[in-house]
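Keeping their order, the protein sequence lines are chains C and X. Heads up: the first sequence begins at 10 in the numbering used here, then just goes up one per residue. Heads up: the second sequence begins at 10 in the numbering used here, then just goes up one per residue. A virtual CB, placed ideally from N, CA and C, is assigned to each residue, including glycine.
There are 2 protein chains.
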Amino acid sequence: MNALDNAFAALADPTRRKIIAKLARGSARVTDLAAPFDMSLNAISKHVKVLERAGLVHRRRHGREHVLTLHGAPMRDVVTWLSRYERFWNIKLDALGEFLKSTN
Amino acid sequence: MNALDNAFAALADPTRRKIIAKLARGSARVTDLAAPFDMSLNAISKHVKVLERAGLVHRRRHGREHVLTLHGAPMRDVVTWLSRYERFWNIKLDALGEFLKSTN
DNA sequence: ACTATATTCAACCTAACGGTTGAGTATTGA
DNA sequence: TCAATACTCAACCGTTAGGTTGAATATAGT
């Protein structure tokens with residue numbers, strides 16, 4: 010499993026994408042992440058581990074609490090790969106292009 | 010399974026990404042796609058089906074030959090989702106931003 | 001010291017994935 | 001008409017993924 014495999018696979022699960030959405034609004038503990046889900050804490054713990062293995066989430070321990078933070082590095086490869094085939098999904102990248110123009 | 014799940018999952022396999030790479034250089038038959046791989050035709054046929062289910066590949070039959078073509082539509086959702094969290098992997102999107110600026 | 005909290009680990013289950021082989025079905029070309 | 005070609009379908013197999021439960025571990029608060 011290379012980095013790209015891990016990143017795409019991590020993003021393929023809706024629960025994990027929701028976890029990312031939550032972490033985008035700030036770091037959180039495993040319990041905080043689990044709260045909105047109708048699923049065991051253990052299940053979420055596993056999902057976090059998948060995101061961590063993909064490098065999308067970093068963990069720092071504070072006593073008994075594990076604080077998770079979103080980390081963008083693996084996305085470089087994802088976006089690089091996507092941009093390689095830009096002309097095949099070019100219309101789709103326009104929105105992102107506009108967005109980037111406005112922020113650069 | 011929603012569209013985003015299917016798209017990300019389809020992209021998570023290196024064989025399928027290679028198939029996409031090949032199709033980016035032109036439409037091809039199943040046999041053509043299978044040629045470079047040390048893998049049965051059936052395995053490739055399955056991979057193609059996964060890409061098809063994700064909408065990334067379209068198939069048109071010409072007699073006994075099935076011609077596959079790359080199709081970008083599902084990427085709209087992928088890129089939209091990615092761009093929503095742009096500030097977390099912002100550095101990474103720069104390259105794509107530059108690329109888009111030069112082509113728009 | 002004791003209890004509650006935060007988390008992981010381990011074992012288990014079922015379903016899906018990625019591959020195989022063997023057979024079946026059209027279509028093509030001789 | 002017949003054989004080769006291009007493919008799919010179906011069954012199987014081993015591994016992984018996503019979930020569960022139950023127990024272990026470590027830290028925090030009283």
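Subject >> Through-space distance from X/A52 to C/P23, alpha-carbon basis >> reply: So the alpha carbons of these two residues sit roughly 27 Å apart.
Subject >> Cβ neighbour criterion (16 or more within 10 Å) applied to C/P45 >> reply: exposed
Original post:
Name the chain C residues whose beta carbon is nearer than 8 Å to that of X/I29?
Top reply: Y94
Subject >> Contact with chain X by C/F8, beta-carbon distance below 8 Å >> reply: This structure does not reach residue 8 of chain C, given that chain C is present from 10 up to 113, and the question cannot be answered.
Original post:
The alpha helix (DSSP H) spanning C/L91 covers which residue range?
Top reply: M84 to R93
Original post:
Starting from C/R96 and walking both ways along the alpha helix (DSSP H), at which residues does that stretch end?
Top reply: C/R96 -> no alpha helix (DSSP H), and no H or E assigned at all.
Subject >> Complete runs of the alpha helix (DSSP H) confined to the segment 15-71 of chain X [at least 4 residues] >> reply: If one requires a minimum length of 4 residues, the alpha helix (DSSP H) runs lying completely within the segment 15-71 of chain X are 23-32, 39-43 and 50-62, in chain order.
**OP:** Taking C/G64 as the query, report the chain X residues whose CB atoms sit under 7 Å from its CB, ordered along the chain.
**Re:** Close partners of C/G64 in chain X (Cβ separation under 7 Å) are lacking, with about 11 Å as the shortest Cβ gap.
Original post:
Does the beta carbon of C/L20 sit closer than 8 Å to a beta carbon anywhere in chain X?
Top reply: For C/L20, the nearest CB of chain X lies under 8 Å from its own CB, placing it at the interface with that chain.
Original post:
Candidates C/W90, C/A43, C/L50 and C/E61: which alpha carbon is nearest C/T78's?
Top reply: C/E61
Subject >> 6 Å Cβ shell around X/V59 - same chain, five flanking residues per side excluded >> reply: A19
Subject >> Same chain, Cβ closer than 8 Å to C/A37, five either side skipped, listed in chain order >> reply: K31, V76 and L77
Subject >> Any C-beta of chain X under 8 Å from that of C/K101 >> reply: Because the pLDDT of C/K101 is 41, which lies under 50, any placement of that residue in the model is unreliable, and the question is left without a value.
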